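Line by line, the protein sequences give chains A and B.
Using my numbering, read the first sequence as starting at 1 and increasing by one per residue.
Using my numbering, read the second sequence as starting at 1 and increasing by one per residue.
A virtual CB, placed ideally from N, CA and C, is assigned to each residue, including glycine.
Note that the coordinates shown come from a computational prediction; the quantities given were computed from them, not determined experimentally.
Here is the structure we will look at, set down as structure tokens.
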Amino acid sequence: MNLSSIRYLIRESFRNIWQNKLMAVASIGVLISCLLLTGGSYLVYANINHTFEWIDSQNVVVAFAKEDSTDAQLTVLEDKIKCITNVDTVEFVSKEQALLRYKDSMTDAVFEEMQGENNPYLDSFVVTFKDLSKFKDTIKQMDQIPEIEDIVYSEDTAKQLTNIRNIMLLASGCIILLLLVVSLFIIANTIKLTVYNRRLEISIMKSVGATNVFVRIPFIIEGIVLGVFSACLSYGIVFLVYSKLYDMVGRDIMGGLLEFSAVWHVMLLGFIALGVLTGIAGSAISMRRYLRDEGGISSVI
Amino acid sequence: MIEFKGVHKAYDNGIKALKDVSILINKGEFVFIVGASGAGKSTFLKLMMREEVPSAGEVIVNGYKLSKLKRREIPYLRRSMGIVFQDFRLINNMTVFDNVAFAMRVIGKSGSDIRKRVPYILGLVGLQNKVRSFPKELSGGEQQRVGLARALVNNPSIIIADEPTGNIDPELSYEIVELLTEINRRGTTVIMVTHEHDLVRLFHHRVIEIREGCVVSDRLSDRKVKKPTREADAVDAAGIFPTFREGGSI
């Protein structure tokens with residue numbers, strides 16, 4: 001294919017869009033609706049994930065050191081805990097700090113009584129895990145550390161959180177997949193109408209010996225252009241709406257809403273990729289079907 | 001060269017469109033295919049353009065055995081043919097020039113080739129003054145001449161004209177066939193499907209008659225009727241076939 005053909009095909013694609021303005025607006029409208037729904041589902045998923053991460057961070061395991069551990073022993077213990085792969089953060093809480101935490105729940109006299117050697121609390125480490133699904137194994141590993149007196153945790157909460165997160169992941173995945181199939185179907189049908197509008201030109205092209213690739217290319221470029229345009233508009237809409245929502249309730253809900261800056265690149269790239277792919281696939285499907293079933297030289301009008 | 005060897009064509013709905021058709025059309029011939037509606041003329045053309053494949057027998061066009069032709073080779077077969085349609089099939093929002101250029105663009109010809117070739121061909125069919133006109137501004141005869149120019153522009157060895165005079169005034173039909181005859185004189189094989197027996201009788205060409213899917217006669221037209229004077233004047237007035245030095249050949 002030479003340069004003038006490429007120039008011609010690109011010009012043709014834009015001419016098609018301009019001449020079928022209404023159809024282009026319809027396609028963009030459909031695509032934007034689908035992208036907004038898909039993007040919305042993704043944002044809901046990302047926020048649920050974010051909330052779970054926050055809950056995870058609150059769901060701590062406390063490892064108590066043996067009574068009368070020396071500073072050196074405590075340092076060794078901290079290092080040993082940190083060496084476990086699934087451990088995310090380790091925070092040391094001395095027995096003095098522990099006593100201070102409960103100061104409000106006791107009388108001053110009792111508090112004074114508990115100072116120094118009478119302090120009933122133990123030095124401890126507050127530990128969070130990276131992956132809650134490996135909760136049991138990580139606890140087992142911690143159990144094997146001899147410097148640990150006891151470990152306190154809530155296994156059921158961890159298990160429930162993992163289960164809920166898996167269900168949410170599956171549900172969001174299914175919704176996004178379903179929306180993609182629906183978008184593809186609608187776009188294929190919208191482009192089919194454009195193809196139908198241009199059946200005269202297609203029949204002439206075929207009669208003078210244009211290859212199927214040459215016939216298809218303007219529609220494919222049209223699909224890409226509509227896809228990119230819809231993606232940019234959808235991104236703009238999502239950005240505005242989400243930013244507004246963040247300003248309104250972002251900090252009020254548990255764990256806070258995910259900041260848009262954390263997902264902007266996924267959203268933008270995802271929208272463009274989805275828009276372009278849906279545009280190309282929609283054009284390819286409808287053209288393939290048309291050229292195979294009806295797009296002959298003499299079958300027009 | 002076009003050859004039909006014992007060709008049968010039956011459609012899925014059971015209609016037998018062609019029955020044991022064997023025809024040989026040599027390079028440079030002018031052939032009228034005549035017959036009533038439903039006789040099998042359209043099927044004959046569709047088989048030649050490889051829009052359909054025979055149920056039995058073989059069609060050979062320019063050395064291509066069409067039943068063995070791969071899908072991706074079909075466009076290249078069609079580049080050796082120029083097709084003229086009864087309904088002109090012009091794109092209304094394109095000028096005469098662009099309608100003709102369209103046929104060159106879609107097979108990847110360069111802009112400079114197009115700028116040279118299109119005016120030459122439009123001159124050949126007598127439309128050098130209508131280059132910037134739109135199809136709706138032209139008469140039926142002129143529109144068909146644009147269709148003919150488009151069929152000729154890629155320099156095909158065969159012109160297939162499917163009822164080219166079916167949608168134009170009878171007095172202008174002669175002009176179109178005269179044009180096709182001139183194109184034929186320059187070496188292009190012309191196959192014209194028509195049901196207008198009176199028109200066929202005006203020219204001294206081979207006539208193949210198809211009836212109910214069978215070839216019932218294959219002879220030379222007697223040319224019993226003389227060329228009508230008024231139409232001859234019209235052709236001359238249109239300035240058809242002026243001599244051009246640039247743009248190539250047909």
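In this structure, does DSSP put residue i in helix, strand or coil?
i, result
"Ser124 of chain A", "strand"
"Met81 of chain B", "strand"
"Cys214 of chain B", "strand"
"Ser37 of chain B", "coil"
"Ile91 of chain B", "coil"
"Thr188 of chain B", "coil"
"Ile15 of chain B", "coil"
"Thr70 of chain A", "coil"
"Leu69 of chain B", "coil"
"Glu12 of chain A", "helix"
"Glu178 of chain B", "helix"
"His8 of chain B", "strand"
"Asp169 of chain B", "coil"
"Gly28 of chain B", "coil"
"Ile252 of chain A", "The sequence as given places Asp at residue 252 of chain A; Ile does not occur at that position. Asp252 of chain A: coil per DSSP, three-state reduction."
"Glu51 of chain B", "coil"
"Ser299 of chain A", "Because the pLDDT of Ser299 of chain A is 49, which lies under 50, any placement of that residue in the model is unreliable, and the question is left without a value."
"Tyr153 of chain A", "coil"
"Glu91 of chain A", "strand"
Out of the options, which one is the CA nearest neighbour of residue i?
i, options, result
"Thr89 of chain A", "A:Glu78, A:Leu99, A:Glu96", "A:Glu78"
"Glu67 of chain A", "A:Lys134, A:Lys80, A:Arg101, A:Tyr121", "A:Tyr121"
"Cys83 of chain A", "A:Ser94, A:Phe111, A:Val127", "A:Val127"
"Ile15 of chain B", "B:Ile91, B:Phe4, B:Gly40, B:Arg145", "B:Gly40"
"Glu196 of chain B", "B:Asn184, B:Val190, B:Ser173, B:Arg186", "B:Ser173"
"Lys130 of chain A", "A:Val213, A:Met248, A:Trp54, A:Val87", "A:Val87"
"Leu226 of chain A", "A:Phe214, A:Val213, A:Ala63, A:Ala281", "A:Ala281"
"Ala79 of chain B", "A:Arg292, A:Ala188, A:Ser207", "What sits at residue 79 of chain B in the sequence shown is Arg, not Ala. Selected option, being the one with the closest Cα: A:Ser207."
"Ala98 of chain A", "A:Thr107, A:Asn119, A:Thr85", "A:Asn119"
"Tyr290 of chain A", "A:Leu200, A:Gly116, A:Glu96", "A:Leu200"
"Glu91 of chain A", "A:Gln73, A:Asp123, A:Ile17", "A:Asp123"
"Gly116 of chain A", "A:Leu132, A:Lys95, A:Lys136, A:Ala109", "A:Lys95"
"Leu132 of chain A", "A:Asp56, A:Cys174, A:Ile148, A:Ile151", "A:Asp56"
"Met104 of chain B", "B:Arg117, B:Asn92, B:Asn93", "B:Arg117"
"Leu138 of chain B", "B:Glu175, B:Asn92, B:Asn154", "B:Asn92"
Apply the 10 Å Cβ neighbour rule to residue i and answer buried if 16 or more other Cβ atoms are within range, or exposed otherwise.
i, result
"Ile6 of chain A", "exposed"
"Leu170 of chain A", "exposed"
"Asn99 of chain B", "buried"
"Lys136 of chain B", "exposed"
"Pro170 of chain B", "exposed"
"Lys109 of chain B", "buried"
"Ser112 of chain B", "exposed"
"Tyr302 of chain A", "Residue 302 of chain A lies beyond the stretch modelled for chain A, which goes from 1 to 301, so this question has no answer here."
"Thr43 of chain B", "buried"
"Lys9 of chain B", "buried"
"Ser283 of chain A", "buried"
"Val207 of chain B", "buried"
"Leu100 of chain A", "exposed"
"Ser183 of chain A", "buried"
"Ser322 of chain A", "Residue 322 of chain A falls outside the range modelled here, since chain A spans only 1 to 301, and no answer is possible."
"Gly141 of chain B", "buried"
Suppose the cutoff is 8 Å on Cβ atoms and the five residues either side in sequence are ignored; what does the same chain contact list for residue i look like?
i, result
"Lys133 of chain B", "For clarity, residue 133 of chain B is Ser in the given sequence; the question names Lys instead. The answer, listed in chain order, is Thr95, Val96."
"Lys103 of chain A", "Phe111"
"Tyr246 of chain A", "Leu257, Glu259, Phe260"
"Ile28 of chain A", "Leu226, Phe229, Ser230, Leu233"
"Val44 of chain A", "Ser172"
"Leu179 of chain A", "Cys34, Leu37, Thr38, Ser41"
Taking 6 Å as the limit between beta carbons, can you name the residues of its chain near residue i, skipping five residues before and five after?
i, result
"Val53 of chain B", "Ser67"
"Ile186 of chain A", "Val30"
"Arg216 of chain A", "Met287"
"Gly82 of chain B", "Ala151, Leu152, Pro156, Ile159"
"Lys80 of chain A", "Ile145"
"Asp218 of chain B", "Ile208"
"Ala149 of chain B", "Val100, Ile121, Leu122, Val125"
Mind checking whether the beta-carbon of residue i lies closer than 6 Å to any heavy atom of the ligand ADP?
i, result
"Asn13 of chain B", "This structure does not include the ligand ADP; it has no bound ligands of any sort."
What does a CB cutoff of less than 7 Å around residue i pick up in its chain, not counting 5 residues either side in sequence?
i, result
"Val238 of chain A", "Leu36, Gly39, Met267"
"Ser234 of chain A", "Ile32, Leu35, Leu36, Gly39, Phe271"
"Glu20 of chain A", "The sequence given here places Asn at residue 20 of chain A; Glu does not occur at that position. If we look at Asn20 of chain A and ignore the five residues flanking it on each side, its Cβ neighbours are Thr194, Asn197."
"Ile176 of chain A", "Thr38, Ser41, Tyr42"
"Asn26 of chain B", "Met1"
Check your understanding: Is there contact here, the segment 65 to 79 of chain B with the segment 114 to 132 of chain B, by at least three beta-carbon pairs under 8 Å?
Key -> Contact annotation: the segment 65 to 79 of chain B does not touch the segment 114 to 132 of chain B, with fewer than three C-beta pairs closer than 8 Å.
Practice item. Tell me, please, whether the segment 165 to 182 of chain B touches the segment 81 to 89 of chain B by the rule of three or more beta-carbon pairs shorter than 8 Å. Key: yes
Check your understanding: Can you find at least 3 beta carbon pairs, one from the segment 208 to 217 of chain B and one from the segment 17 to 34 of chain B, that sit closer than 8 Å?
Key -> As far as the Cβ criterion goes, the segment 208 to 217 of chain B touches the segment 17 to 34 of chain B, which means the pair count is three or higher.
Review point. Should the segment 157 to 167 of chain A be called in touch with the segment 9 to 16 of chain A, which here means at least 3 C-beta pairs below 8 Å?
Key: Taking 8 Å as the limit for Cβ pairs, the verdict is that the segment 9 to 16 of chain A does not touch the segment 157 to 167 of chain A.
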